[in-house]
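Here the working numbering is used: the first residue of the sequence shown is 13, the next is one more, and so on.
Ideal Cβ positions, reconstructed from N, Cα and C, are used throughout, including at glycine.
Beneath this line is the structure, given in structure tokens, with notes to follow.
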Amino acid sequence: MLLQSVVKQYCYPIDTDGAAEIIEGSPLTIDWITQVWKLINSFDPNDLEPFEDIHLIPRKNPSVNNLQTIAHLLTMKKTYLFSSYEGCPNIAQQYTDYIRGKPIKIPTFDSLIQLCKNDEDLQNRIQRILGFKRTLDLPNSEVTSATSFGQKGDLTTRIKGYFRDHPIDHSFLNELLQNADDAEQTENVNCIKISQINENTDNLELIKKAEVDLTSQMLIQELISDSYANTPSTTGLTVHINGHFELDSSRKQLFESSHSKKENDNRYQWNTILLKQNVSHAYVSCIEEFKSFLFHEDNKFNQLENILAHFPLDNTQHRYWQALLFYFYQSIKTRRASLFPVSPEYTSLIVQDTLQGSSNYINIKWVYEGESHDVFFDDLDSQITGSDWRDSATNDTVQEKAGKLRQFFVNMGMKLSCGSKDLGKSFSKTCENHNGRKRHNVYSSLSTSDFACVCKENVSPKSVSVFMKKKFNTLFSIERETEVNVIPVDDLELCLDYLLKAINWKDIVGLPLLMTGDGLIHSIQLRNEFFLSEFEDLLTGMEGCFVHRSLVQSLTKYTKECKSSDLFKKLDLKNFATLLDRSQDKVRLKSGSIIDWNQKKTPVTEKWIDEFWILLKSLQDNDNDLIIPQSLHNWCLIPALFGTQNILVPIGKGHCVVDGRTFKGDKRFAMIIEKLKIPKSLIKRDLKGNLSLLATYSDANKTFDCLTYWIPKHRIELTCHECAVILGYFSQNIDNISQDRLRDMRKFCIFENIDGIIEPLVYSNIVATTVDSRMPISGLQNLLNSMNMTVLKYNPNCDRLYKAMNCWVPSDNAMVPPIVHLYATWILPNIHLLNTSDRMVHLTYIREHLMRDIRIKEKLKEAKFISQNNEKKKASAFFSRKKQLFQEMCDESEFPTTPFDEPIWHELLKEAGMKTKKSKEILIDFAKRITKISGTKMCYKQKTMKSKILVEKIFNFIKKKHRSTNIRGFISEIRTIAFIFPQEIGDEFTSIHAGISGDTLMRFQGSLSANRFHIVWTVEPTLPTYAMDDELMNRLHVELRPSEESVLKHTENVCASLSLSLKDNQNVFVESIMEEIYKYFNTISQSEFEVGLLRKLSSIPLVHVKKHKTFVRAKNIVKNLTSGSEIVPYLIQAPEEYAPFYKLFRFLGMTDTPTIKTYAKVLFEFYKDFGKRKITYRTN
């Protein structure tokens, strides 16, 4: 890879034939190639494959006899002729003879074996001798069909056969053999040796003599050439050519080769060499002789025209003659033949069409072309055309300008050859035909003859620039100054215009084309230390610092078009001030104060002042943000009229002068300007432009500065109306006033307060308002002063100014009086600072006149105006007395104090935030309050009343807000608060059992519903009946069914108590209680009864026998039993009033009919109760 990169670096791009051309001067010499091959030979032959694609085979330049000079490099894959083997070990002579003359490829370990493919024994021997390790079998695609090259046939015949089958870079040898065959001669072909790795380098010298006959009279006509067979043919040239040319097989035309490698054909090379070395040389000599003959004695127009007509043009009929034309042009250059006429007069007359019939003499200078292509064809007449070259300042036509420019170039030493445009085109066309697509003038340093450029450029700005740089770079400084300082400024201007229309500024850097105002010529620099300005007359004695006035217009135009503002120094105001300091006659204008302008005593005229303002306006036109530098502030350059006196005002105090014309549109303001006696500007109207130096009506900043300067100076008092006009002006232009001036305006004594006094603004807070006649002002002034606030009389024209100064301004809504803003913004937020009487006065005004405004309502909610315990509180801290819930739950301190407890204040307090409606927050707070008061000494009835009222309000609130998503959170919180007193146990219940009751508060969540009171009241409390709502029980997580253990315990308590003392008047009440118990147990399926529960329940005398006023166990009950068969209480007929519960009774032990088992149980009960005592049974 490294070797390949070296070859690519020092060789041109690869040609189509695979050869790499070596760049001249590169280190790739024959010595380098030899060293490379020594290194490669040290490698194992099996490792040489990567080198096959690298250009390492040298080929010397055929035109150079020095064998050490190489021109191209070839790859090892190229086919070569084998001549001998000089390697080690040696190959036997018989093998060498076999392969000699055969085409092989390098490296040879493949090629040699390929030649021996038909002799396997020979292959094996060569392999053994050379030590090859690779296989000897090769693909069929590489089999050669070359004719044997040995001693079997005629040499010419054998070579012809070889080249017929292998036309690889051997067309030249092929033609050579053809000539040898024609001459019946034998030619030796020198071939390479494998060990040397050299291509065939011996070329034949085919230099033969040629004869060229020139006609004695050189006429423009189609002439012919004679070949060796005297067959004439048309050439299209201006001479007759006779020579020994090689012809084709028909012997009627010059030899043509159709092969792409025709350069290697000997017949083609013969014809080419003949034309190049003999005919072209004679052709040039002929033209030189003709020139000497015509211009021996005098120089005339027609003579020059005649000689130019005999130059050959590219209208030839054959490519040989095209090649001859190229060699002709090339010979002119190499021989330095002075055949290019330089005559500005001739060209100008040709362009102006004044040459006809003229026989006047002209100046002609014959020049030759040097090595640097320094001859140019003159076509300035076609370049200098159009409106860009027309100058209204002169009467010169574009042709006259072209003539002046042509003469200037010739005077500078340029070789501008005159002649027709066809001649210049012929040079270029011929060069292009010869060199093809190759870039011209790139390889001019190479000695090869196949790439010499003969193009002649037309004169161009680029060529002029290059020429002038070469010319003046070779001159000494004294010579250069002597030559350039005699150049007229008109020629410099014309030359600069020509150059800058086509090339960049950097291309003319170094050319002595820049003249300054003092007449000296300087070399152009990339950035020049001269000012490009037309205002040099403002600065007397500074001419050497400015570009000459004649060059300003064209150079200014160029800098604008190319947008290059840094080519010259810019005469900005800072540089102008620096130069003005050096101008001694203007030093008296430098003063920090206003001076009297007496033109007799002050050395400055009105014209000079006007010129300065023209400069200022031009700078401002190019820069809208132009800033006057500090160095110019003390120069008195502003003319003004102060009363009847002319004055000059310093630039830095331009704000002290007004442009009176701009104030005429506002007559009231203009009268104030007159009253203050402010100087007026004398600057001409068209020169003021948009400069912000003066105080103008549109520049509020400068006008403010002007007023603040003159009002204190003149001590003139302004009326309230005049102050209002001034404030209205500043308000109108508030967007343009700077923040610094806006701050300073507070100190300006032009503000009218509500008392009608003109004063500055002392406090930072400002209020401007109109006072309502009904509005109370009691305590208002003290309140505003305590807040560091100034109250101004409202000016409707100053709204924007008020806003900019952070001053309170009225509402844009005309329906809203300004007083609303005053109360909403200032009074209400600070109303607690007023004493009680003043505060009530303002609150009364608000209640009667301002309560409709939403801003007042909002500010009332934040205002602290209710006194309580030496503290000012907001209305939101109090409850309304109109609500029953609030009356029941709130203390007296939670209601508004006097006088706000009167009905007249209720609406204001309501808008101010007094609590008038129940909310979830209030209900939760009240529930928590009941929790706190449960342990107080408050009577139980009052406590339960509060709880009852609160529960009702909670139920109503939930039902009203049931669709609201926020109600879920309220329910989840309220059901966990214990604020409900349990259901009271009545006397009829306590007569049976005392039950569970008391002051213990209950919550909804987890508590038993009140409708289960009858079945649990002896064992646990239930919610009161007022805390029951079927719609809300589930949402409040109220327990709807008591546990079985609780009901069982309650049943045991009730039955035990009633079994002992059941009164006659209790049957109905007891019946209702027992039905509830039976209903509960009846809902339990038999499968759900636990064994323990069944056993306990069976043991309880829970069956109420009304007629016997007793309670018995279910097992003592028989359904179908007559009254006479009863054994009370051991065997009793089932009570019919409880027939719906017979199923439960059966489950607990009741039977439908008495059985032996039934009576056995009765006897067992007897025995348990009486033992062995005697029982006496009595019947009724």
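Point to revise | Span of the alpha helix (DSSP H), counted from its first residue to its last, around Leu1105 | key: 1103-1111
Review point. Taking the continuous beta strand (DSSP E) assigned at Tyr821, which residues delimit it?
Key: Per the sequence shown, the amino acid found at residue 821 is Val instead of Tyr. No beta strand (DSSP E) contains Val821, which DSSP labels as neither H nor E.
**Study point:** Touch test, the region 508-522 against the region 424-431, Cβ-Cβ under 8 Å, three pairs minimum
**Key:** no
Check your understanding: Can you tell which of Tyr775, Arg812, Ser438 has the C-alpha that lies nearest to the C-alpha of Leu796?
Key -> Tyr775
Review point. Bridge partners of Met801, per DSSP?
Key: Asn777
Review point. Excluding sequence positions up to five away, which residues of its chain have a Cβ less than 8 Å from the Cβ of Glu505?
Key: Ser562, Leu563, Ser566
**Study point:** Sufficient close CB pairs (3 or more, under 8 Å) joining the region 1103-1120 to the region 1136-1154
**Key:** yes
Point to revise | Where Phe55 falls, given that 16 or more other Cβ within 10 Å makes a residue buried | key: exposed
Review point. The alpha helix (DSSP H) spanning Cys298 covers which residue range?
Key: 292-306
**Study point:** Arg1125 burial status per 10 Å Cβ neighbour count (16 or more: buried)
**Key:** buried
Review point. Relative to the C-alpha of Ile945, which residue among Glu923, Glu964, Cys902 is closest?
Key: Cys902
Exercise for review: Measure the beta-carbon distance from Asp671 to Thr708 and round it to whole angstroms, keeping in mind my assumption that it falls under 8 Å.
Suggested key: 5 Å
Practice item. Pull up the distance between the alpha-carbon of Pro724 and that of Leu631, whole angstroms please. Key: 35 Å
Practice item. Inspect the beta-carbon positions of Leu699 and Trp625 and report whether they are closer than 7 Å. Key: yes
Check your understanding: What's the call for Val1066, buried or exposed, on a 16-neighbour Cβ count within 10 Å?
Key -> buried
Check your understanding: What does a CB cutoff of less than 8 Å around Met863 pick up in its chain, not counting 5 residues either side in sequence?
Key -> Lys869, Glu919, Leu920, Glu923
Exercise for review: Could you tell me whether the region 685-692 touches the region 629-645, where touching means 3 or more Cβ pairs closer than 8 Å?
Suggested key: no
Exercise for review: State the Cα-Cα distance for the pair Cys203 and Leu316, rounded to the nearest angstrom.
Suggested key: With a pLDDT of 34 at Cys203, under the threshold of 50, the modelled position of this residue cannot be trusted; read the value that follows with caution. Their Cα atoms are separated by approximately 57 Å.
Check your understanding: From Gly553 to Ala589, what does the alpha carbon distance come to, in whole angstroms?
Key -> 15 Å
Check your understanding: Candidates Lys949, Asn745, Ser931: which alpha carbon is nearest Ile970's?
Key -> Ser931
Exercise for review: State the Cα-Cα distance for the pair Tyr806 and Glu933, rounded to the nearest angstrom.
Suggested key: 46 Å
Review point. For the beta strand (DSSP E) that Lys953 lies in, which residues bound it at each end?
Key: From DSSP, Lys953 is part of no beta strand (DSSP E) but of the alpha helix (DSSP H) over 952-972.
Review point. Leaving out the 5 sequence neighbours to the left and right, which residues in its chain are closer than 7 Å to Val521 when beta-carbon positions are compared?
Key: Ile536, Gln537, Leu538
Point to revise | Contact check, Asn283 vs Leu266, beta carbons under 7 Å | key: yes
Check your understanding: His667: buried (16+ other C-beta within 10 angstroms of its C-beta) or exposed?
Key -> buried
Exercise for review: Name, in chain order, the residues that DSSP records as bridge partners for Thr1122.
Suggested key: Val1117
Review point. Which one or two residues does DSSP pair with Phe654 in a beta bridge?
Key: Gln657
Check your understanding: At which residues does the beta strand (DSSP E) containing Glu541 begin and terminate?
Key -> 540-543
Practice item. Just mark Cys574 as buried or exposed, buried being the case when its beta carbon has 16 or more other beta carbons within 10 Å. Key: exposed
Review point. Ends of the beta strand (DSSP E) at Ile82?
Key: 82-87
Review point. What do you get for Asn278, buried or exposed, if any count of 16 or more other CB atoms within 10 angstroms of its CB means buried?
Key: buried
Practice item. Could you check what DSSP says for Gln411 in three-state terms: helix, strand or coil? Key: helix
Exercise for review: Could you give the DSSP three-state label for Met480: helix, strand or coil?
Suggested key: helix
Practice item. Return the first residue and the last residue of the beta strand (DSSP E) that Pro353 is part of. Key: 352-354
Point to revise | Extent of the continuous alpha helix (DSSP H) to which Val1140 belongs | key: Careful: Val1140 lies outside any alpha helix (DSSP H) and carries neither H nor E.
Point to revise | Own chain residues within Cβ distance below 8 Å of Ala1172, not counting five before or after | key: none
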